[in-house]
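In this note's numbering, the protein residues as written are 1 to 100.
Have a look at the structure below, then the notes.
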């Protein structure tokens, strides 16, 4: 199951930011929940970063740490359609590791 996930959370986003495709990621339900809770994020090169607060367990290693450092699939070569680095920076500063 895939879900549209906001990078800058709905509650923190302006009405126009909520509708911007650059404020979205297509994630499976588990990764959406982990992203919303600040357990994973993206770096400036669109690679997955797992919070150091996530303990290494067989399940976490399989479903989270297996993606650590891997670049996400981006929608084509037109960078204007990619997730916004401004929103990613917001997520890194205000969400990542805040709730872990």
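Every residue, glycine too, gets a C-beta built ideally from N, C-alpha and C.
The structure presented is a predicted model; accordingly, all values stated were derived computationally and were not measured.
Contact set for residue i: own chain, Cβ-Cβ below 6 Å, skip 5 residues either direction
| i | result |
| --- | --- |
| residue 100 | Legend: pLDDT at residue 100 = 46, less than 50; position of this residue unreliable, value from coordinates given subsequently. Result list for residue 100: 38, 39, 51 and 53, in chain order. |
| residue 98 | 38 |
| residue 91 | 7 and 41 |
| residue 71 | 46 and 47 |
Cut-off 7 Å between Cβ atoms - residues of its own chain near residue i, not counting five sequence neighbours on either side
| i | result |
| --- | --- |
| residue 67 | 48 |
| residue 10 | 18 |
| residue 74 | 46 and 82 |
| residue 31 | 40 |
Range covered by the alpha helix (DSSP H) that runs through residue i
| i | result |
| --- | --- |
| residue 4 | Taken as a continuous stretch (DSSP letters only), residue 4 belongs to no alpha helix (DSSP H), being part of the beta strand (DSSP E) at 2-6. |
| residue 59 | 58-63 |
Heavy atom of the ligand FMN within 7 Å of residue i beta-carbon
| i | result |
| --- | --- |
| residue 69 | Of ligands this structure carries none, so the ligand FMN is not represented either. |
Boundaries of the beta strand (DSSP E) in which residue i is found, first to last residue
| i | result |
| --- | --- |
| residue 109 | Residue 109 lies beyond the stretch modelled for the chain, which goes from 1 to 100, so this question has no answer here. |
| residue 40 | 40-42 |
| residue 49 | 48-50 |
Nearest to residue i (by Cα), restricted to the options the options
| i | options | result |
| --- | --- | --- |
| residue 95 | 3, 2, 13 and 4 | 13 |
| residue 29 | 45, 44, 22 and 6 | 6 |
| residue 33 | 64, 46, 55 and 57 | 64 |
| residue 78 | 2, 22 and 61 | 22 |
Cut-off 8 Å between Cβ atoms - residues of its own chain near residue i, not counting five sequence neighbours on either side
| i | result |
| --- | --- |
| residue 24 | 4, 5, 6, 7 and 83 |
| residue 1 | 28 and 29 |
Contact belief for residue i with residue j at Cβ below 8 Å, rounded distance in angstroms
| i | j | result |
| --- | --- | --- |
| residue 42 | residue 88 | 5 Å |
| residue 36 | residue 85 | At roughly 19 Å, the Cβ-Cβ gap does not stay under 8 Å, so residue 36 and residue 85 are not in contact. |
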